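Numbering (my numbering), first residue to last: 39 to 371. The beta carbon of each residue, even a glycine, is placed where N, CA and C say it ideally should be. Given the structure is predicted, the values throughout are model-derived calculations rather than measurements. Heads up, the thing below is written out as structure tokens.
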């Protein structure tokens with residue numbers, strides 16, 4: 039495998055971990071003062087591969103991480119249940135990030151050639167790049183902590199309950215399957231990246247938060263249903279513009295009680311938004327009764343002028359979990 043074969047792989051792993059592995063999982067658990075079964079459970083929840091009791095695959099950093107996790111539980115910051123959920127979230131998020139970053143470094147090291155050629159070069163490049171990436175990741179994390187703290191202070195109810203009144207919107211690419219078959223890998227990635235980047239920028243500009251991307255779909259939330267409708271209509275308009283490379287989309291918006299947990303959202307409002315999106319025609323935006331009721335006064339012009347949108351009652355939607363899901367098609371005025 040490129041320069042150095044297995045030795046180069048071990049050298050790269052030792053560099054990334056800070057030292058050569060010298061401990062087994064049994065020794066890690068003993069040093070951290072944590073039961074072995076708990077250590078193994080956390081290891082699996084993080085998404086790391088299975089290791090036998092006698093595999094020398096761990097470093098002092100693993101001991102410290104396990105000890106810190108146990109201390110957070112001991113002082114009451116994390117319950118055993120929330121610890122498991124948080125660890126799983128970390129594992130999924132960092133696994134995706136690490137895969138992307140490693141691929142990027144490999145491509146740079148190969149300089150357009152064979153990505154597997156030059157693990158030694160990759161180690162040297164990582165030495166220059168990773169400290170900067172690590173510092174930037176810490177900065178982004180702290181920035182998001184500060185932003186989350188501001189939202190917490192704005193809405194003190196989130197201190198005692200896990201439910202909030204939010205507008206939830208799904209934006210779905212129209213014709214994704216067909217388009218994905220006609221594009222090569224690089225072109226498809228560029229196309230989807232453009233969709234995600236354009237959607238995220240608009241959502242953030244209107245005070246919203248992108249919860250997750252699911253292939254050809256973006257899920258976002260925002261406190262103000264008017265902002266959610268504005269974002270959805272602007273994205274639909276971009277998709278309908280033949281001069282704009284942004285893909286054609288459809289969207290569904292629902293407003294109501296939402297359960298928030300570890301950066302994700304749950305509940306019937308989320309399900310309603312998803313069903314509305316599936317029922318929406320290409321280039322259109324459907325909203326539920328919660329959105330229509332919240333914006334009905336604004337739509338009538340009661341605030342001193344016409345709103346930038348108008349509603350038209352759509353057919354009731356048959357959806358699993360809903361007797362009849364009321365829907366309105368919203369359009370720019």
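Given a cut-off of 9 Å on the beta-carbon distance, is the pair residue 230 and residue 252 in contact? no
Going by the C-beta, is residue 250 closer than 8 Å to any heavy atom of the ligand PLP? This structure lacks the ligand PLP; in fact it carries no ligand of any kind.
Beta-bridge partners of residue 36, as assigned by DSSP: Because the chain in this structure spans residues 39 to 371, residue 36 falls outside the shown range and cannot be described.
Take residue 267 as the anchor and find which of 245, 285, 169 has the nearest alpha-carbon. 245
Could you tell me the distance, in whole angstroms, from the CA atom of residue 217 to the CA atom of residue 258? 24 Å
I'd like to know whether the C-beta atoms of residue 287 and residue 209 end up nearer to each other than 9 Å. yes
Measuring only the C-alpha atoms, how far is residue 198 from residue 223? For residue 198, the predicted structure reports a pLDDT of 41, less than 50, and the residue's modelled location is therefore unreliable. The matter cannot be settled from this model.
Status (buried if at least 16 other CB within 10 Å, exposed otherwise) for residue 311: buried
Going straight from the alpha carbon of residue 316 to that of residue 55, what length do you get? 45 Å
According to DSSP, which residues form a beta bridge with residue 295? 203
In or out: residue 177 buried (at least 16 other Cβ within 10 Å) or exposed? exposed
Rounded straight-line distance, which links the Cα of residue 242 to that of residue 184: 15 Å
Assuming residue 328 and residue 294 form a contact by the criterion Cβ under 8 Å, report the distance between their Cβ atoms to the nearest whole angstrom. 5 Å
Using the C-alpha atoms, what's the distance from residue 92 back to residue 73? 16 Å
Just to confirm the assignment: which complete alpha helix (DSSP H) runs, minimum length 4, are found wholly within the stretch 218-264? 223-243
How long is the line joining the alpha carbons of residue 284 and residue 204, rounded to whole angstroms? 27 Å
For residue 87, which of helix, strand or coil comes out of DSSP? coil
From residue 319 to residue 213, what does the alpha carbon distance come to, in whole angstroms? 12 Å
How is residue 328 classed by DSSP in three states: helix, strand or coil? helix
Can you say whether residue 81 is buried or exposed, counting buried as having 16 or more other CB atoms within 10 angstroms of its CB? buried
Using the Cβ count rule (16 or more neighbours within 10 Å means buried), how would you classify residue 86? exposed
Can the beta-carbon of residue 364 be found closer than 9 Å to that of residue 302? no
When you compare only the Cα positions, how much space is there between residue 354 and residue 362? 6 Å
For residue 215, which residues in the same chain have their Cβ closer than 7 Å to its Cβ, ignoring the five residues on either side in sequence? none
Which of the three DSSP states, helix, strand or coil, is assigned to residue 353? coil
Confirm, please, whether the CB-CB distance from residue 306 to residue 360 is below 9 Å. yes
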